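Presented below is the structure to which this report refers.
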Amino acid sequence: MPELPEVEVTRQSFADRIAGARVLALRMGKPLRWPLGLQPEALVGRFVWGVRRRGKYLLIDLDEGVLLVHLGMSGSLNFALTQGQRGPHDHMDLETTQGVLRLHDPRRFGAVVWAPSEQSPPAQKLLGHLGVEPLGDAFELSAFQAELKRKNAPIKQVLLAGQVVVGVGNIYASEALFLSGIRPTVKAAQLSKPRITKLHTAIRDVLARAVAKGGSSLRDFVSAEGKNGYFQLEASVYGRTGQPCRNCATPIKQIMQGQRSTFFCPVCQK
DNA sequence: CCATATACCTGGCAGC
DNA sequence: TGCTGCCAGGTATATG
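Taking our numbering, the leading residue of the first sequence gets 521, the next gets one more, and so forth.
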């Protein structure tokens, strides 16, 4: 489900409401991708300072350590004053003085990991290799160009890997490449400076627009306050196999790259 | 170091 | 209706 826009929309939907709360209990369900890293009871009494985002990870800052939350493919968070009955796919309840943060994740590719700090080894193992934030000032054109020059893989796969720039997942990689007129199969190192300039702009634009639309609700994504996203309605290529390109009416093509589907317009993208 | 394949897990859907 | 196979928003890890 979640790429940068969905994770950011989720963050915005509960960060202010949980900030300043004290942890009353932490209950974990079935095993997630990685173990929590300490006994859940050890977090009782901790204060929640706030919630940040790094790539597709949420960082819940405590007065002692940080909780890294990843939504995997099918995860979503809900934050409410009271929680009803726990369902079979609810695998974390963080009960606080200001509400209950619940992780719903049918496939359990998500994770909740406690680390002593963002710089500690358990956190760095997950965050240390991540590329630059696309919506921040650090996403510089010249550095982006230099990084791409070193990659021989297809540009779509370079974007997905998250080592150059973070947050661009399978939906927004296809969308950004359509917006910049680049064929997803082109090797990153072969892209000219003008094309990289277009791509750089497209990545920022598509992610920012998606955040503004509340993300993409393809199957079941909702923010932590239960709101749907609407960006999928204006997708140019993702999930539109065989449908007419919104620009030239040519049927959209779907191919596989690295075991993931890629969508593109064979006329608009060269 | 780089590029690619694999594994993790469940649900929904197309096709028979 | 029920079965089977395939597909799905991610990413650490293994392999070449």
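Glycine included, every Cβ here is placed at the ideal spot set by N, Cα and C. Nothing here was measured: the structure is a model prediction, and the numbers come from that model.
DSSP places ASN598 inside the beta strand (DSSP E), whose first and last residues are 596-600.
Around GLU745, the same chain offers SER533 as residues with beta carbons nearer than 6 Å, after the five sequence neighbours per side are excluded. CA-CA distance, ALA562 to SER736, rounds to 36 Å. A contact is defined here as three or more CB-CB pairs under 8 Å, and the segment 538-546 fails this definition with respect to the segment 647-667.
In this structure, ILE772 sits near CYS785, with a CB-CB distance shorter than 8 Å. Taking 8 Å as the cut-off, the Cβ atoms of LEU591 and GLY630 count as close. Looking from the CA of LYS713, the closest CA among ARG724, SER700, TYR758, GLY585 belongs to SER700. Between LEU647 and the set ARG715, LEU578, LEU680, the nearest pair of CA atoms involves LEU578. VAL529 is not a Cβ neighbour of GLY687, given a cutoff of 8 Å.
Under the DSSP assignment, TYR577 falls in the beta strand (DSSP E) whose first and last residues are 577-582. Counting along the chain, no alpha helix (DSSP H) covers ILE772, and no H or E run does either.
ILE538 and VAL586 do not touch by the CB rule: their CB atoms are close to 14 Å apart, not below 8 Å. With at least 16 other beta carbons inside 10 angstroms of its own, SER596 counts as buried.
The beta-bridge partner set that DSSP reports for GLY570 consists of ASP581.
Here VAL527 has ARG573, LYS576, LEU578, LEU591 as same chain residues with Cβ atoms under 7 Å from its own Cβ, once five neighbours each way along the sequence are excluded. Bridge pairing for GLY619: THR616 [DSSP]. Distance from the CA atom of ASP725 to the CA atom of PHE599, rounded to whole angstroms, is 29 Å. For THR782, the uninterrupted beta strand (DSSP E) run begins and ends at 780-784, by DSSP. Nearest in C-alpha terms to GLU584, of all of ALA728, SER756, SER637, is SER637. Here VAL757 is buried: its Cβ has 16 or more other Cβ atoms, across all protein chains shown, within 10 Å. The DSSP-derived three-state label of GLN683 is coil.
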